[in-house]
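Residue 0 is where the sequence shown starts when you use numbering that gives the first Met the number 0, and the numbers rise one by one after that.
Just so you know, even glycine gets a beta-carbon here, dropped at the ideal spot from N, CA and C.
On a predicted model such as this, the values are computed, not experimentally measured, just so you know.
Contents: one structure, followed by commentary.
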Amino acid sequence: MIPQATVDRIISAANIVDVVSGYVSLRRSGASYKGLCPFHDDTTPSFYVSPARGVCKCFSCGEGGNVVHFIMKKEQLTYYEALKFLAKKYGIEVEERELTDEERQSQSVRESMFAVNEWASNHFHQTLLNTTDGQAIGMTYFRSRGFRDDIIEKFRLGFCLQKYDETAKAALKEGYKEEFLIKTGLCYKRDDGSLRDKYWGRVIFPWFGINGKITGFGGRVLDARTKGVNQKYINSPESEIYHKANELYGLFQAKGRIAKLDNVIMVEGYTDVLSMHQAGIENVVANSGTALSEIQVKLLRRYTRNITLIYDGDSAGIHAALRGTDMLLAGGLRVKILLLPDGDDPDSFARKHNATELQEYIDQHQTDFITFKANLYKEQAAKDPIKKSDLIEDIVNSISVIPEEITRSVYIHQCSELLAISEGTVQNAVNQTRKKNREEKAKLEAQKAQQAQATEQSASNSLQGNDASNTGSYDAGIGSDDIDSLVQSYEAIQGQGHTTNQTTVTSTDTADVQAHATSPSTGEHTSPATDGQQPQVPVQGSSTTASAARPIHKPKEESHFEGLERLIMMIFVRFGNKEFEITDEEGNTQTTTIQQYIVSQLQIDGLEFHSPLYRKMLELAAGSTDITKTLLNSPDTVISHEAADLLVDRYKLSQTKDMPTEEQLCADYIVHLILDYKYTVVNTQLKDILHRFTDPAVISDPAVASQLLQQQITLCAIQKQLAKALGDRTMNTMFTSMR
């Protein structure tokens, strides 16, 4: 654990231009630097480094962040490993301290489980190396498979003694709780209350998570006991830290090599991975015989787009090779397949060849998935039109899931040549299949969307009718496209027509909106007061609270909220500590900061951001005298990465003496955005009320219908006031694209 003061010192000392220059050839571009992105095949410089803000960003692939994020990505390190890397580069001593017993007990369940697994991994490893039975039984097995000491050490292989409770007793003696021994699956409890080891008498293969933590174990029963045993391998049970569908064996050891070679090889088992590493092929992972999951595919996609599947040449190997192909293709990976000669698996084949021979064999015999499938059935299909039709359909189904149009086109052309069928026919078949897949996927949602669309149109017509007379210059129908445009484009900032930094806050900013606005996150709803009471309006006859700002018309409204929240947070991160003056309707002037204004305006009306991340960032930066530094240096990499992204400018306009700076405009702009945010809340509530009027249960209840109508009238009045305030404050778009 690195103290935060040391973290701040490391990040302050690490010059981002200096660090990035060690990997990328940079040239100055105005106040920034640019070069070819090191994270994708970049031909035109799209990677920008801002020394003033201490961040970098590729505006092609999207990678970027602060100096720690850059090292994490480039060196394939965890957050704390990257900090140590930078500390060493700049000669900063990092003093880590061991957790006390009291701190260990206060750790979360996950942390406690990781601690138990780390201890168990070391215990099994030392048992293998330093006990008589470990050497005589466990090590003998690994030697019989030809594994060297360096491979045993690299993967921290181990052995569990042939005693039913040796591991349990040792763990309890070390102070680890029985609760976590059971949760991790290291032990189980018998009916008599005694603990038994799960892996007794087995050699151990630890599973390393992507961050190097031990998530689980695989245990293999030894050869002398395999006869008549249905399950040679047993794995840790599903738990809070181990989900087999989320893990790939060997990824931690292979990730650096995968990124460097831009290719990953996938095999089936533990020993396949070990033997390939021992032969010098280190970009290897295993899915351990389970079906691929989307999470595993996304894990691989972080490091490369190229994958080679290597399996046995028998029918089981062929089936395994075909099983996950479509999921890999759908995940954007380029798939090649290699079947080994009959009688060989990756383990045995790797032990027969050195690294050069093995790599040459892979390069010469791997084929893309179309060639593989075509060759597999070509002989049979050539004599049987029905089988040929089935083969073409199978290949078309695979091509249709590929997300990139160019890649699909290449495979369509190849399929046409291999199977002697017109390219147009294949193209049409792919298009039809993609259309069919989309229709099936959207079938259930289509009915809901149709109903929502009708309701939205009705609501829009009603709102436009109500707002037509008195909205000033502000468009009451502002939608997601407007916000997306605002976020994506950089429009020239005009020096004319801007208001001063003194801002008039109307009554709609406080009391009126407070009485009627709904929190976008909590959905708490208040109705207009009647006889001193707050009547509650049932939601579709089932509840006394309404989630009005969790919009029914989600695609449009959610996008609008997200766009506004991102713009607000951009100003918060960049200029949160800037002071400015506001003047209320009575003419009283007070000084506040951007941070205080945003937080107070949300709290006054009981509002919270939709985004949990932005809520967390606001909370973390509360009271900070340097918001940018607080968020950028956060040990939570999600927060620090988002803060870095919000600091990045895609374009930078040349400044003239007549053009206000971003900092000069930010005070006026934040007031405008907050008003827009409140307007969106009210607008959403109105649409929700109109939707409720389509419910027969509401219409048939005069009391409820009357309350809704009164609430609609009140909200329309507030909406007009907000629209007028926004119209009076019309401003030109500012700031850069934040992608």
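TODO: Have a look at G218 and A349 and give me their C-alpha separation to the nearest angstrom.
DONE: 22 Å
Task: Reduced DSSP secondary structure (H/G/I, E/B, other) of R573 - done: In the structure shown, R573 sits in a helix (DSSP, three-state: H, G or I).
TODO: Would you kindly work out how many angstroms separate the C-alpha atoms of V743 and K231, rounded to a whole number?
DONE: The requested residue 743 is not part of the displayed model; the chain covers only 0 to 738.
TODO: Report the three-state DSSP secondary structure of T624 (helix, strand or coil).
DONE: T624 falls in the coil class under three-state DSSP.
Open item on the list: Whole angstroms are fine: how far does the CA of I669 sit from the CA of A516?
Closed with: Any reading at A516 must be qualified, since the residue scores a pLDDT of 40, below 50, and its modelled position is unreliable; no value is offered.
- [ ] Specify the secondary structure class of V16 as computed by DSSP and reduced to three states.
- [x] helix
Open item on the list: To the nearest angstrom, how far is the alpha carbon of T507 from that of T582?
Closed with: Interpretation of T507 is limited by its pLDDT of 35, a score under 50 that renders its predicted location unreliable; no figure is taken from the coordinates.
TODO: Closer than 6 Å by C-beta to E578: which residues in its own chain qualify, once you throw out the five before and the five after it? Chain order, please.
DONE: Within the same chain, T590, T592 come within 6 Å of E578 by CB-CB distance, once the 5 residues on both sides are set aside.
Task: Residue interval of the alpha helix (DSSP H) (run including F123) - done: 108-129
TODO: Drop a sphere of 10 angstroms on the beta-carbon of L443, count the other beta-carbons inside from all chains shown, and report buried for 16 or more, exposed for fewer.
DONE: Using a 10 angstroms sphere on the CB of L443, the tally of other CB atoms stays under 16, which defines it as exposed.
TODO: Would you check if the distance between the CB atom of I369 and the CB atom of T307 is smaller than 7 Å?
DONE: Cβ distance not < 7 Å, so I369 and T307 don't count as in contact.
- [ ] Would you mind sorting T42 into buried or exposed? The rule is 16 or more other CB atoms within 10 Å of its CB.
- [x] exposed
- [ ] Give me the Cβ distance between G63 and A643, rounded to the nearest whole Å; I'm assuming they're in contact under 8 Å.
- [x] 7 Å
Open item on the list: Short of 8 Å in beta carbon distance, which residues of its chain neighbour I698, apart from the five on each side in sequence? Order them along the chain.
Closed with: F692, A704
Open item on the list: At the level of alpha carbons, what is the spacing between L563 and I401?
Closed with: 33 Å
Task: Three-way DSSP call (helix, strand, coil) for G423 in this model - done: helix
Open item on the list: Does V272 come out as helix, strand or coil in the three-state DSSP assignment?
Closed with: For V272, the secondary structure class from DSSP, reduced to helix, strand or coil, is helix.
Open item on the list: Let's test the definition: count the other Cβ atoms within 10 Å of the Cβ of E267 and tell me whether it reaches 16, buried, or not, exposed.
Closed with: Taking all protein chains in view, the Cβ of E267 is crowded by 16 or more other Cβ atoms within 10 Å, so the residue is classified as buried.
- [ ] Assign D40 to one of two classes, buried (16 or more other C-beta atoms within 10 Å of its C-beta) or exposed (fewer than that).
- [x] exposed
Task: CA-to-CA distance, I209 to T250, given in whole angstroms - done: Before going on, a small fix: residue 250 reads as Leu here, not Thr. Each residue's Cα considered, the two are about 7 Å apart.
Open item on the list: Can you give me the C-alpha to C-alpha distance between N427 and D393, rounded to a whole angstrom?
Closed with: 15 Å
- [ ] Give the DSSP bridge partners of S49, in chain order.
- [x] Answer is V54.
Open item on the list: So, with DSSP's three-state summary, where would you put K33?
Closed with: K33: strand per DSSP, three-state reduction.
Task: Test item: CB-CB of Y248 and A285 under 7 Å - done: yes
Task: Whole-angstrom C-beta distance between G184 and K197, which should lie under 8 Å - done: 6 Å
- [ ] Just the C-alpha distance for A441 and A244, rounded to the nearest angstrom, thanks.
- [x] 26 Å
- [ ] Would you mind reading off the limits of the alpha helix (DSSP H) that contains M71?
- [x] 66-74
TODO: Drop a sphere of 10 angstroms on the beta-carbon of H124, count the other beta-carbons inside from all chains shown, and report buried for 16 or more, exposed for fewer.
DONE: buried
Task: alpha helix (DSSP H) segment containing N632, residue limits - done: Note, N632: premise wrong, no alpha helix (DSSP H); not H, not E.
Task: CA-to-CA distance, D694 to G471, given in whole angstroms - done: Interpretation of G471 is limited by its pLDDT of 37, a score under 50 that renders its predicted location unreliable; the figure taken from the coordinates is listed afterwards. Cα-Cα distance, rounded: 33 Å.
Task: D367 in three-state terms, based on DSSP - done: For D367, the three-state secondary structure derived from DSSP is strand.
Task: Residue nearest to Q75 in terms of C-alpha spacing, selected from Y410, I151, F158, Q252 - done: Checked all of Y410, I151, F158, Q252; the closest Cα to Q75 is Q252.
Task: Beta-carbon proximity list for S484, same chain, < 6 Å, skipping 5 on both sides - done: Low confidence applies to S484: its pLDDT is 33, below 50, so where it sits in the model is not reliable, and the reading given next is rough at best. Excluding the 5 residues flanking it on each side, S484 has no same chain C-beta neighbour closer than 6 Å.
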